[in-house]
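Colleague: A single structure is presented below for examination.
Numbering (our numbering), first residue to last: 412 to 636.
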C-alpha cells in the first residue's frame, strides 16, 4: 500500500459522512485566518511612514505570503491524494460548477498573489531576504542586476497584479462565506458542517439522517414548550 492509498483508507470514515478530514479542516481554517490577516495587514501597512518600520511590515507581509504559497501547494497535494467528500453541493447543477470555479480561483490567487508580492519585495533595492514561517530563508529574486528602468517596470507591474488580485480576493471571500451560510441556514444541508467535523449530525439538519448507519435511530428532539 502506497502513501496515497493509506491516506484514502484513513479518510474514508470522514468522507462517507460528508466530512473533510482533520488535515483538510486544518488547512482550510489556517489559510483562511492567514488570508484575512494578510488583507488587513496589507491595508494597514500603507499607513506607515517610509522608513525601517514600513520595510519590516512589508517583510512580514511578504514572508507570510510565501507561507501561504507553501500551504496552498501542500493543501493541493493533499486534495490530490485525498479528494473532498461528496456532499449536497455536488447535486446542484450550475451552482456546483460555480463553486468549483470559485475554488479554482482561490488556488490561482494563492499562487499569483504571493509570487507578485515576492517580485514586488525583490524589486525594492537593496535586496533583502524573506523567511517562510519566520524560519526558512528565501533569497530575493535577482532584480538587482536589472537596469533601473526594468526594476521600476517590475515594481509597477507586480504591484498592479498584486492589487488586482487583492480586489478579486476581497470579493470572493464574502461570496464564499455567504454561500456557506446559505447552505447551513437556508438550504439546511451538510456543506458547511463538512468543514466542521466537531459539530455532530443532528435531526435539525435533514442531511444527517441520510448519513446514519442503517438501523441507528436518531434521538427524539425535545418539543418546544
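Heads up, the beta-carbon is just placed ideally off N, CA and C, and yes, glycines get one too.
1) Three Cβ pairs or more, each shorter than 8 angstroms: is that satisfied between the region 578-590 and the region 451-462?
2) Helix, strand or coil: which one does DSSP assign to residue 572?
3) Mind listing, in chain order, the continuous beta strand (DSSP E) runs of no fewer than 3 residues lying wholly within the region 475-560?
4) At the level of alpha carbons, what is the spacing between residue 430 and residue 422?
5) Tell me the DSSP secondary structure of residue 437 in three-state form.
6) Under a Cβ-count criterion, where at least 16 other Cβ atoms within 10 Å of its own Cβ denotes burial, should residue 547 be classed as buried or exposed?
7) Can you give the beta carbon distance from residue 475 to residue 445, rounded, assuming they're within the 8 angstroms contact cut?
8) With 16 other CB atoms within 10 Å as the buried threshold, where does residue 506 fall?
9) Going along the chain, which residues of its own chain have a beta-carbon closer than 8 angstroms to the beta-carbon of residue 577, five neighbours each way excluded?
10) What's the call for residue 529, buried or exposed, on a 16-neighbour Cβ count within 10 Å?
11) Take residue 638 and list the residues in its own chain whose beta-carbon comes closer than 8 angstroms to its own, dropping the five residues that flank it on each side.
12) Assuming the contact rule is C-beta atoms closer than 8 angstroms, residue 441 and residue 482 should be a hit. Round their C-beta distance to whole Å, please.
13) Could you give the first and the last residue of the continuous alpha helix (DSSP H) run that contains residue 421?
14) Taking its Cβ as the centre, do 16 or more other Cβ atoms sit within 10 Å of residue 426, making it buried, or is it exposed?
15) If you reduce the DSSP assignment to three classes, tell me which class residue 462 lands in.
16) Which value, in whole angstroms, describes the spacing of the CA atoms of residue 545 and residue 495?
Modeller: Let me spell this out:
1) no
2) In the chain shown, counting from the first residue as 1, residue 572 sits at position 161. Note: residue 572 maps to helix in three-state DSSP.
3) 541-543 and 547-549
4) As a first step, residue 430 must be located in the chain shown, where it is residue number 19. As a first step, residue 422 must be located in the chain shown, where it is residue number 11. Computed Cα separation, rounded: 9 angstroms.
5) Counting from 1 along the chain shown, the entry for residue 437 is found at position 26. Helix, per DSSP.
6) Indexing the chain shown from 1 puts residue 547 at position 136. So residue 547 ends up on the exposed side.
7) For the purposes of this step, residue 475 is identified with residue 64 of the chain shown, where counting begins at 1. For the purposes of this step, residue 445 is identified with residue 34 of the chain shown, where counting begins at 1. With 8 angstroms as the limit, residue 475 and residue 445 qualify as a contact, their Cβ atoms being about 6 angstroms apart.
8) Here the question's residue 506 lines up with position 95 in the chain shown. By the 10 Å Cβ count, residue 506 comes out exposed.
9) As a first step, residue 577 is located in the chain shown; it is residue number 166 there, counting from the start. For residue 577, where only same-chain residues beyond five positions count, the Cβ hits under 8 angstroms are 450, 453 and 524.
10) Residue numbering aside, residue 529 sits at position 118 when the chain shown is read from its first letter. Buried, because 16 or more other Cβ atoms sit within 10 Å of the Cβ of residue 529.
11) The question about residue 638 has no answer, for the chain in this structure spans 412 to 636.
12) On the chain shown, position 30 is the one that residue 441 refers to. On the chain shown, position 71 is the one that residue 482 refers to. About 7 angstroms separates the two Cβ atoms, so the contact holds.
13) For the purposes of this step, residue 421 is identified with residue 10 of the chain shown, where counting begins at 1. That run of the alpha helix (DSSP H) goes 414-426.
14) Position 15 of the chain shown, counting from 1, holds the residue named residue 426. It counts as buried.
15) Along the chain shown, read from residue 1 onward, the residue named residue 462 stands at position 51. Coil, per DSSP.
16) As a working note, residue 545 is residue 134 in the chain shown. As a working note, residue 495 is residue 84 in the chain shown. Approximately 30 angstroms between the Cα atoms of the pair.
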